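Residue numbers (my numbering): 17 to 351. Working notes for the structure below.
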Ligand code: DOR
Ligand code: ZN
C-alpha cells in the first residue's frame, strides 16, 4: 500500500467558530494538523486582547487530548501602536476584511485610505505582525478578486516591510502578484485546487461548494494548481474550512463556506499524487508557512495511505465536502 508522511502540517486559514460548533470542528483539525491560523470573524469579532486570550482558551478546551497550536488573529481595525505593542505576543497575524464582503465582516474596512491606515500598518510592519487580507471588492462576483489587485499593490508598495498574505486566492491575477511584490504571499485552499464555477452552479447547484471567493475559471484553476504543485515558496496551504450548519447551507440564502477540515490532508495527497508531485506537499502544507511566519510547531507526523475512504455524511450539524463519497487517500496514523 502506498503511503506518504507529512511532518507538522499547518492550516494557515481556518474558521473554528465558537460554542457547540467549535467543539464539533476543532478536534477534527487538531487531530491531523500541528496548528492553524484562527480566523477572528466571530460575532462580535475578536478585536481586543481579552477576546484573543479567552477565544484561545476556549479553543484549547475544545481539543483537550491533542497537541494543537491555535495561532490567534485579531480582526483588523485602525488600532493604535500602543495597543498593538500590548497584543503582539498573543497574536500571529491580523485579518483584514473589506466591510460586508463575507460572513461576519460588517465591522471591516470600508475604504482603503492609506493615510487612515498608516499608523496601524506601520506599527504592524515594525512589530512584524503579518496582515492577512480577504481580497475582494464589491464588484461583479467573478471580478472581485482581480479588481482587488490594485489594493494589494497600494498596500505592498506603501508598506514595503509589511508581510501581506493574500488569503484564499482564486485567480491567475493573484498568482501573478506573487512574483511582482516581494512582501506579498498567499494561501490557497484545497477546494480551489479542484473546483471551477461550473462545479458550483454549472449543473445542479451545490450549496456545500459555495464559498467566498467563489471558484473561478479553468485558467485560474490551472494557475493555482501550478503554483501549489511546485510549492512556490510564497504560497501556503490555508483550508478556509468554514463550517455552517446544514440548514444554513441548504437554504434559500446559502451561507458561504466549504467545510474541508476533516478531509483536507487526504485530498491534498490525492491531488499531489495525481500530478506526480507528492514530494512537494510537505513544503506546501508546512515548510513554506514556517518560513513565512517564522513559526516552529511541535513535532507531529501524519501518515497517509492510498486507499479508499468514505467521507462521513455529517460531522455534527455540518456537511463536509465530498460527504458520502469515496476519496482516494486516508489518514493511517498520527504520531
Ligand atoms: O466562504 C467563506 N466563508 N468565505 C469567507 O471569507 C468567510 C467564511 C466564513 O466565515 O463562513
Ligand atoms: Zn476565511
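Glycine included, C-beta positions come from ideal geometry on N, C-alpha and C. These figures come from a predicted structure and were not determined experimentally.
Cβ of residue i within 7 Å of any heavy atom in the ligand ZN?
i: residue 256; result: yes
i: residue 31; result: yes
i: residue 207; result: no
i: residue 55; result: yes
i: residue 260; result: no
i: residue 184; result: yes
Less than 7 Å between the CB of residue i and some heavy atom of the ligand DOR, yes or no?
i: residue 228; result: yes
i: residue 120; result: yes
i: residue 273; result: yes
i: residue 150; result: yes
What residue does the alpha helix (DSSP H) around residue i start on, and which one ends it?
i: residue 240; result: 234–245
i: residue 352; result: Look at the range of the chain in this structure, 17 to 351, and you will see that residue 352 is not part of it.
i: residue 285; result: 280–290
i: residue 272; result: Premise fails: residue 272 is in no alpha helix (DSSP H) and is neither H nor E.
i: residue 187; result: Per DSSP, residue 187 belongs to no alpha helix (DSSP H) and is neither H nor E.
i: residue 37; result: 35–48
i: residue 68; result: 65–78
i: residue 265; result: 262–265
Does DSSP put residue i in a helix, a strand or coil?
i: residue 205; result: coil
i: residue 99; result: helix
i: residue 125; result: strand
i: residue 91; result: strand
i: residue 224; result: helix
i: residue 325; result: strand
i: residue 303; result: helix
i: residue 51; result: strand
i: residue 179; result: coil
In terms of residues, what are the limits of the beta strand (DSSP E) holding residue i?
i: residue 111; result: 109–112
i: residue 317; result: 317–321
i: residue 163; result: Here residue 163 belongs to no beta strand (DSSP E); instead the alpha helix (DSSP H) covers 160–163.
i: residue 140; result: Note, residue 140: premise wrong, no beta strand (DSSP E); alpha helix (DSSP H) at 130–143.
Would you say residue i and residue j are within 8 Å of each other, going by their C-beta atoms?
i: residue 161; j: residue 190; result: yes
i: residue 41; j: residue 334; result: yes
i: residue 244; j: residue 209; result: yes
i: residue 213; j: residue 19; result: no
i: residue 250; j: residue 291; result: no
i: residue 89; j: residue 272; result: no
i: residue 109; j: residue 61; result: no
i: residue 298; j: residue 22; result: yes
i: residue 228; j: residue 187; result: no
i: residue 307; j: residue 25; result: no
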